[in-house]
Amino acid sequence: MSMLCKCGYVMSDKIVPNKVIYWTYTKENWIQRSKFAKGEFSFVDSQAVWNCENCGRLHFRRNKVKYTYSIEYTELNNINCSCSEKFTKGEVEEYYSVNDFELDEIDDKIRKDESYEFPRKVGFCPKCKRIFVQKDEVLKIYCLEELIDLEVK
Numbered sequence: 000m001s002m003l004c005k006c007g008y009v010m011s012d013k014i015v016p017n018k019v020i021y022w023t024y025t026k027e028n029w030i031q032r033s034k035f036a037k038g039e040f041s042f043v044d045s046q047a048v049w050n051c052e053n054c055g056r057l058h059f060r061r062n063k064v065k066y067t068y069s070i071e072y073t074e075l076n077n078i079n080c081s082c083s084e085k086f087t088k089g090e091v092e093e094y095y096s097v098n099d100f101e102l103d104e105i106d107d108k109i110r111k112d113e114s115y116e117f118p119r120k121v122g123f124c125p126k127c128k129r130i131f132v133q134k135d136e137v138l139k140i141y142c143l144e145e146l147i148d149l150e151v152k
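The sequence shown begins at 0 in numbering that gives the first Met the number 0 and counts up by one.
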């Protein structure tokens, strides 16, 4: 499948593994995913988040709606929502998000019963709809750019 970003860049998941799609899991679904890696669980629900390598926008579809997010800030003190403090304290909705390469590495460690760390910390504020992505010391704060209803009426 391919998807066209607003910047004109064509994203594709035809080559696997790839760095375009970030498989994103809730905490409960990640527990199931860990069991899946060991062959103990058969189905795991995840959200495919497409990352445009050209402009950095995030795209995903949920309930027949396409969401597009763009980078708004790179510092928490620019936000006038209580979520900035909640993110720092780890009180926003947390998700686990990995690309194919990262998932392969983590799966190998799970099968060997080795410890692992997620490559990034992801949070979501349901109040202001911002997505927080922190990898190492780099923080990117995404704001909802648009919603497109994919249902034909």
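Using N, Cα and C, we set each Cβ at its ideal position, and we do this for glycine too.
Among the options, nearest to residue i - alpha-carbon criterion
| i | options | result |
| --- | --- | --- |
| TYR95 | ASN76, SER33, VAL15, SER41 | SER33 |
| ARG129 | TYR8, VAL15, GLU71, VAL9 | GLU71 |
| LEU102 | ASP112, GLU113, GLU92, PRO118 | PRO118 |
| VAL43 | ASN79, THR25, CYS142 | THR25 |
| THR73 | GLU136, ASN79, ARG110, ILE140 | ILE140 |
| PHE35 | ASN50, ASP112, TYR66, ASP106 | ASP106 |
| LYS88 | PHE131, LYS108, TYR68 | PHE131 |
Per DSSP, the bridge partner or partners of residue i
| i | result |
| --- | --- |
| GLN31 | Paired residue(s): none; GLN31 is not in a bridge. |
| SER1 | SER11 |
| LYS74 | First, the residue type needs correcting, since residue 74 is Glu and not Lys in the sequence shown. DSSP lists no partner for GLU74. |
| CYS142 | SER69 |
| GLU39 | Answer by DSSP bridge pairing: none, since GLU39 is not bridged. |
| VAL91 | According to DSSP, VAL91 bridges with nothing at all. |
Sub-9 Å separation of residue i and residue j beta-carbons
| i | j | result |
| --- | --- | --- |
| SER81 | LYS126 | yes |
| ALA47 | ARG60 | yes |
| CYS124 | GLU92 | yes |
| LYS5 | PHE100 | no |
| TYR8 | CYS54 | yes |
| ASN50 | MET10 | yes |
| ASN79 | TYR21 | no |
Where the alpha helix (DSSP H) through residue i begins and ends
| i | result |
| --- | --- |
| THR87 | 82 to 88 |
| LYS108 | 99 to 110 |
Residue range of the unbroken beta strand (DSSP E) whose run includes residue i
| i | result |
| --- | --- |
| LEU57 | 57 to 61 |
| TYR24 | 20 to 24 |
| ASN50 | 46 to 50 |
| PHE171 | The shown model of the chain, from 0 to 152, leaves out residue 171, and the question about it has no answer. |
| LYS120 | 120 to 123 |
Distance between beta carbons of residue j and residue i, contact taken as under 8 Å
| i | j | result |
| --- | --- | --- |
| SER45 | THR67 | Wrong, their Cβ atoms sit about 19 Å apart, outside the cutoff. |
| ILE109 | LYS13 | ILE109 to LYS13, Cβ: 27 Å. No contact. |
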